[in-house]
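> I'd like to ask you about the structure that follows.
2 protein chains.
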Amino acid sequence: MSLETEIKDVLARVRQASKSLALCSTDQKNAALKDLARALRRSATAIVEVNREDLNRARTTGISGAFLDRLALDEPRIEAMARGVEQIVSLPDPVGETIASWTRPNGLAILQVRVPIGVIAVIYESRPNVTIDAGALCLKAGNAIVMRGGREAVATNRELAGIIAGALERTGIPPQALWFVDNPDHETVQILKHQTGAVDLIVPRGGAALKAALRDSAVPMLPHFDGICHTYVDRRAELKMAEEICINAKCDRPSVCNAMENLLVHRDIAREFLPRIARSLKEAGVEIRGCERTRELLPNAAPAADSDWDSEYLDLILAIKVVDSIDEAIEFITKHGSGLADAIVTDDPIAASRFEAAVDSASVFVNASTRFADGFEFGFGAETGISTNRLHARGPMGLRELTTYKYIVRGSGQVRV
Amino acid sequence: MSLETEIKDVLARVRQASKSLALCSTDQKNAALKDLARALRRSATAIVEVNREDLNRARTTGISGAFLDRLALDEPRIEAMARGVEQIVSLPDPVGETIASWTRPNGLAILQVRVPIGVIAVIYESRPNVTIDAGALCLKAGNAIVMRGGREAVATNRELAGIIAGALERTGIPPQALWFVDNPDHETVQILKHQTGAVDLIVPRGGAALKAALRDSAVPMLPHFDGICHTYVDRRAELKMAEEICINAKCDRPSVCNAMENLLVHRDIAREFLPRIARSLKEAGVEIRGCERTRELLPNAAPAADSDWDSEYLDLILAIKVVDSIDEAIEFITKHGSGLADAIVTDDPIAASRFEAAVDSASVFVNASTRFADGFEFGFGAETGISTNRLHARGPMGLRELTTYKYIVRGSGQVRV
Chain A
1 MSLETEIKDV
11 LARVRQASKS
21 LALCSTDQKN
31 AALKDLARAL
41 RRSATAIVEV
51 NREDLNRART
61 TGISGAFLDR
71 LALDEPRIEA
81 MARGVEQIVS
91 LPDPVGETIA
101 SWTRPNGLAI
111 LQVRVPIGVI
121 AVIYESRPNV
131 TIDAGALCLK
141 AGNAIVMRGG
151 REAVATNREL
161 AGIIAGALER
171 TGIPPQALWF
181 VDNPDHETVQ
191 ILKHQTGAVD
201 LIVPRGGAAL
211 KAALRDSAVP
221 MLPHFDGICH
231 TYVDRRAELK
241 MAEEICINAK
251 CDRPSVCNAM
261 ENLLVHRDIA
271 REFLPRIARS
281 LKEAGVEIRG
291 CERTRELLPN
301 AAPAADSDWD
311 SEYLDLILAI
321 KVVDSIDEAI
331 EFITKHGSGL
341 ADAIVTDDPI
351 AASRFEAAVD
361 SASVFVNAST
371 RFADGFEFGF
381 GAETGISTNR
391 LHARGPMGLR
401 ELTTYKYIVR
411 GSGQVRV
Chain B
1 MSLETEIKDV
11 LARVRQASKS
21 LALCSTDQKN
31 AALKDLARAL
41 RRSATAIVEV
51 NREDLNRART
61 TGISGAFLDR
71 LALDEPRIEA
81 MARGVEQIVS
91 LPDPVGETIA
101 SWTRPNGLAI
111 LQVRVPIGVI
121 AVIYESRPNV
131 TIDAGALCLK
141 AGNAIVMRGG
151 REAVATNREL
161 AGIIAGALER
171 TGIPPQALWF
181 VDNPDHETVQ
191 ILKHQTGAVD
201 LIVPRGGAAL
211 KAALRDSAVP
221 MLPHFDGICH
231 TYVDRRAELK
241 MAEEICINAK
251 CDRPSVCNAM
261 ENLLVHRDIA
271 REFLPRIARS
281 LKEAGVEIRG
291 CERTRELLPN
301 AAPAADSDWD
311 SEYLDLILAI
321 KVVDSIDEAI
331 EFITKHGSGL
341 ADAIVTDDPI
351 AASRFEAAVD
361 SASVFVNAST
371 RFADGFEFGF
381 GAETGISTNR
391 LHARGPMGLR
401 ELTTYKYIVR
411 GSGQVRV
């Protein structure tokens with residue numbers, strides 16, 4: 001049997017299980033999640049042991065540093081996973097929510113009701129906690145899950161997926177609602193991305209390689225890809241506020257997608273603002289790469305190459321450009337931004353509303369740090385990623401974004417005339 | 001220059017124009033639509049003349065019947081198009097609507113605001129009125145449009161697209177916001193479907209051939225494909241109501257996607273209901289294809305082949321099956337339905353709510369005809385198709401479904417700690 005036939009066969013069983021899962025009550029789903037949290041704590045030693053196999057194998061292939069750290073699980077990290085699952089228990093169930101309802105003149109009552117999407121494939125890289133986080137979120141939203149993790153974490157992921165399946169089984173949910181793809185070959189991703197009809201949605205969590213692998217996915221995706229975020233300091237910005245926002249956006253956590261990569265400064269305040277922000281950035285250990293006008297004011301800054309404006313550094317590096325106007329700033333962001341999050345700092349309400357309207361980003365900030373582009377910070381209670389899609393869901397996602405809707409139309413014998 | 005490079009070049013200009021269009025006021029968009037309605041009436045004679053070229057060319061290639069009828073435009077049809085455009089003027093502008101807003105404990109005010117999707121490619125077949133209908137809808141929702149119509153209507157579509165472009169130009173909207181792809185070769189569709197980044201959404205309007213051509217589209221789609229709709233007449237159905245609903249669902253307009261194709265009848269009422277509905281169906285000229293148990297009660301019915309249960313007849317043909325239970329009906333619909341619209345007729349509230357929950361269709365009807373699965377009948381004011389997608393939009397679509405949203409976050413210097 002070919003790998004594709006094999007995958008199609010399993011997916012048919014996942015689809016079947018998804019139908020039962022979609023009809024599970026909130027209590028039943030929460031019981032499974034509570035059981036999962038308990039099972040994680042109970043199995044902590046076993047998980048750490050299996051994880052050690054993955055770590056040892058990774059070390060022998062020369063992997064080190066941040067990658068190894070992302071791969072590693074210890075008891076505190078397992079406890080954090082268990083708590084994350086318990087937090088998802090406490091979130092309201094999106095399934096069954098009436099989004100809108102109205103009655104037509106002919107007496108038909110129309111309800112738009114939230115329902116699960118169906119079968120979601122989560123394709124991720126080295127972090128094994130995604131198995132639990134994404135699994136618990138999909139489950140709470142009533143979706144069956146296909147998990148395809150990275151090669152390096154395969155033993156840990158297999159162990160964790162087994163623990164989820166056990167929790168499902170013990171609480172009367174068909175364990176086929178979770179399928180851990182125990183084959184980290186590139187080919188499995190290539191097959192999965194063409195299973196329209198069997199897989200309703202792919203949630204990719206990873207970097208450039210994964211993005212490239214899924215470039216032509218026929219299955220719809222909710223990708224969480226690049227974040228090239230800008231802050232534009234307007235001519236009417238309060239400079240102290242601008243400085244605090246810029247330092248936060250760049251330095252709070254430079255390795256994440258909502259960190260600032262490009263700073264745009266209006267020429268009228270550049271002479272005052274640039275030396276000031278440069279001092280703070282230097283203190284924070286940030287390397288500056290500037291345009292020519294920036295370097296006139298900050299002679300120690302490195303020159304920015306063209307490629308710098310399109311770079312997601314994810315590091316303590318910042319590209320700075322002096323612009324002549326808010327329009328130039330907006331045009332620059334349109335060209336170089338990734339549409340994830342961009343900010344303006346200004347006291348001018350006209351500039352603020354022009355920026356809000358014209359910057360086509362999922363999250364547009366006025367006088368706040370781009371670091372707030374985040375499901376928790378938005379108050380969604382859970383973090384299911386930040387969609388860089390324009391369709392279905394855009395920006396920070398919560399549980400709702402893992403659902404769709406259907407219409408229920410109640411009549412008393414109406415026919416169309 | 002290759003065709004693909006050529007297409008990419010034009011799409012870059014369309015994207016540029018889409019940015020201006022997205023910022024147009026409701027008044028400006030409505031002015032363009034009113035101008036378009038006037039221009040259509042003014043150009044009626046010219047349109048009919050050009051359309052005659054298409055019709056003559058089609059006739060020489062042996063095309064006839066319904067296809068020719070769909071292709072043909074006369075003055076009343078042009079008047080209907082103009083009125084359709086005026087109706088879109090009267091609909092509320094979805095762009096700018098605040099979907100939700102809330103304030104976080106740290107004082108950040110978050111607004112979820114409706115914005116245009118960007119660049120929408122409408123790929124359609126022979127009906128030239130789609131050029132105007134879809135063009136006007138996309139425009140009202142602030143989207144730039146790429147139009148790729150069928151070979152047979154190319155002269156008419158070119159003329160109509162030119163009229164839209166004129167209306168845009170006269171009202172200060174960049175006419176590059178509409179691109180009529182004046183090349184009906186198969187290749188253009190194959191290129192368009194891979195232009196992720198340049199095209200945000202494909203709206204396909206057509207039949208099986210178009211569906212197959214777009215099977216592996218990398219650009220997200222809002223497809224309007226098959227409708228294999230069911231009506232299940234429960235053991236506790238009011239039979240007169242069931243009869244009226246079934247006749248309406250089958251006969252009101254058999255050629256459309258929300259017409260009933262399969263009728264399921266509970267065994268307890270089959271002996272009473274089947275002869276009754278068979279009489280009415282016969283009067284309406286409907287051919288019945290029945291399962292064995294149906295044929296015991298209706299000996300004149302043709303036997304249904306396996307393929308009948310999966311057929312979208314779009315014609316006066318109905319497949320009928322006797323089922324043992326509501327569960328068998330639900331299972332049958334899950335297997336054979338296309339998820340567009342399915343109905344139950346019952347007086348039993350428990351059966352109704354079980355059907356509502358377990359039938360995974362975009363529109364689930366209780367005691368009403370599936371023919372109501374329609375944007376106008378839902379009260380959306382406009383018909384942009386019925387999405388057979390699970391994501392972004394599902395079921396009947398209005399103008400809102402041609403938009404997305406962004407978050408605007410207003411602060412007073414907040415930084416993340």
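In order, the protein sequences belong to chains A and B. Each residue of the first sequence is one higher than the one before, starting from 1 at the first, in our numbering. Each residue of the second sequence is one higher than the one before, starting from 1 at the first, in our numbering. We put the CB at the ideal spot given by N, CA and C, even for glycine.
#1: Hey, out of A:Ser25, A:Leu274, A:Ala198, A:Arg148, whose CA is closest to A:Leu290's CA?
#2: Interface residues of chain A around B:Asn248 at Cβ under 7 Å?
#3: For the segment 78–153 of chain A, list the alpha helix (DSSP H) runs that are entirely contained and at least 4 residues long, ordered along the chain.
#4: If distances are taken between C-alpha atoms only, which option among B:Val409, B:Thr231, B:Val256, B:Asp315 comes closest to A:Val364?
#5: Excluding the five sequence neighbours on either side, which residues of its own chain have a C-beta within less than 6 Å of the C-beta of B:Val146, listed in chain order?
#6: Taking its Cβ as the centre, do 16 or more other Cβ atoms sit within 10 Å of A:Gly172, making it buried, or is it exposed?
#7: State buried or exposed for A:Ser18, treating a residue as buried only when at least 16 other CB atoms are found within 10 Å of its CB.
#8: Look up B:Glu287 in the DSSP assignment and give the residues it is bridged to.
#9: With a threshold of 8 Å, are at least 3 pairs of Cβ atoms found where one atom belongs to the segment 283–298 of chain A and the other to the segment 250–270 of chain A?
#10: Is there a Cβ from chain A that is less than 7 Å from the Cβ of B:Gly395?
#11: Closer than 7 Å by beta-carbon distance: list the chain A residues that pair up with B:Arg205, in chain order.
#12: So which residues on chain B does A:Glu356 lean against when the C-beta distance must stay under 8 Å?
#13: Going by CA-CA distance only, name the one from A:Lys406, A:Met260, A:Glu383, A:Val417 that's closest to A:Gln87.
#14: What number of angstroms, rounded off, separates the C-alpha of B:Ala426 from the C-alpha of B:Val48?
#15: Can you tell me whether DSSP reads B:Lys193 as helix, strand or coil?
#16: Helix, strand or coil, according to DSSP, for B:Met260 in the structure here?
#17: Can you tell me the Cα-Cα spacing of B:Ile191 and B:Arg13, whole angstroms?
#18: Kindly indicate the opening and closing residues of the beta strand (DSSP E) around A:Val48.
#19: Figure out for me which residue from A:Ile326, A:Arg235, A:Thr156 has the closest Cα to the Cα of A:Ala44.
#20: Any beta carbon from chain B within less than 7 Å of A:Arg390's own beta carbon?
#21: Listing by chain order, which chain B residues have their CB less than 7 Å from the CB of A:Tyr405?
#22: CB A:Leu168 to CB A:Ala32, shorter than 7 Å?
#23: Grouping DSSP H, G and I as helix and E and B as strand, with all else coil, what is A:Ala357?
#24: Rounded to whole angstroms, what is the Cα-Cα separation between B:Gln414 and A:Gly385?
#25: Kindly identify the DSSP beta-bridge partner or partners of B:Lys406.
#26: Which residue or residues does DSSP assign as beta-bridge partners of A:Ser387?
#27: I'd like to know if A:Asn367 contacts chain B, where contact means its C-beta is closer than 7 Å to some C-beta of that chain.
#28: Distance check for B:Arg236 and B:Glu292, CA to CA, integer angstroms please.
#29: A:Val85 and A:Arg114 - do their beta-carbons sit closer together than 7 Å?
#30: For the alpha helix (DSSP H) containing A:Ile245, list its first residue and its last residue.
#31: Applying the 10 Å Cβ sphere with the 16-neighbour rule, what's the burial state of B:Lys29?
#32: Quick one: is A:Ile418 buried, meaning 16 or more other Cβ sit within 10 Å of its Cβ, or exposed?
#33: Rank B:Ala66, B:Ser64, B:Gly62, B:Val50 by C-alpha distance to the C-alpha of B:Asp74 and give the top, closest one.
#34: Return the CA-CA distance between B:Val233 and B:Val265, expressed in angstroms with no decimal places.
#35: How far does the beta strand (DSSP E) with A:Ser363 in it extend, from its first residue to its last?
#36: Going by alpha carbons, who is nearest to B:Pro204 out of B:Ala212, B:Asn143, B:Ala198?
In brief:
#1: According to the sequence as given, residue 290 of chain A is Gly; it is not Leu. Among A:Ser25, A:Leu274, A:Ala198, A:Arg148, the Cα nearest to that of A:Gly290 is on A:Leu274.
#2: Residues of chain A passing the Cβ test: Val415, Arg416.
#3: Runs of the alpha helix (DSSP H) inside the segment 78–153 of chain A: 129–140.
#4: Selected option, being the one with the closest Cα: B:Val409.
#5: So the list reads Ala121, Trp179, once near-sequence residues are dropped.
#6: With fewer than 16 other CB atoms across the displayed protein chains lying within 10 angstroms of its CB, A:Gly172 is exposed.
#7: A:Ser18 comes out buried.
#8: Bridge partners of B:Glu287: B:Ile317.
#9: As far as the Cβ criterion goes, the segment 283–298 of chain A touches the segment 250–270 of chain A, which means the pair count is three or higher.
#10: So, interface residue.
#11: None at all; the shortest Cβ gap to chain A is about 18 Å.
#12: Neighbours of A:Glu356 on chain B, chain order: Ile408.
#13: Taking only the C-alpha atoms, the option nearest A:Gln87 is A:Glu383.
#14: Here chain B comprises residues numbered 1 to 417, so residue 426 of chain B is not present and cannot be evaluated.
#15: Three-state result, B:Lys193: coil.
#16: Reduced to three states, the DSSP call for B:Met260 is strand.
#17: Whole-angstrom Cα-Cα distance: 17 Å.
#18: A:Val48 -> not in any beta strand (DSSP E); alpha helix (DSSP H) instead, spanning 44–60.
#19: Comparing alpha-carbon positions, the option among A:Ile326, A:Arg235, A:Thr156 lying closest to A:Ala44 turns out to be A:Thr156.
#20: At a cut-off of 7 Å, the C-beta of A:Arg390 has a neighbouring C-beta in chain B.
#21: Residues of chain B passing the Cβ test: Arg394.
#22: Their beta carbons are under 7 Å apart, which means A:Leu168 touches A:Ala32 by this criterion.
#23: Correct three-state label for A:Ala357: helix.
#24: Spanning the alpha carbons of B:Gln414 and A:Gly385 requires a straight line of approximately 22 Å.
#25: Its beta-bridge partners are B:Val113.
#26: A:Ser387 is bridged to A:Gly395.
#27: Chain B, which has a Cβ nearer than 7 Å to the Cβ of A:Asn367, makes this yes.
#28: Distance between the alpha carbons of B:Glu292 and B:Arg236 is about 23 Å.
#29: Using a Cβ distance threshold of 7 Å, A:Arg114 and A:Val85 do not count as a contacting pair.
#30: Bounds of the alpha helix (DSSP H) holding A:Ile245 are 239–251.
#31: Counting Cβ neighbours within 10 Å, B:Lys29 comes out buried, since at least 16 surround it.
#32: Since the first residue of chain A shown is 1 and the last is 417, residue 418 of chain A is not available in this structure.
#33: The shortest Cα separation from B:Asp74 among B:Ala66, B:Ser64, B:Gly62, B:Val50 belongs to B:Val50.
#34: Straight-line Cα distance between these residues: approximately 5 Å.
#35: Per DSSP, A:Ser363 belongs to the beta strand (DSSP E) from 363–368.
#36: Residue B:Ala212 is the option with its Cα nearest to B:Pro204.
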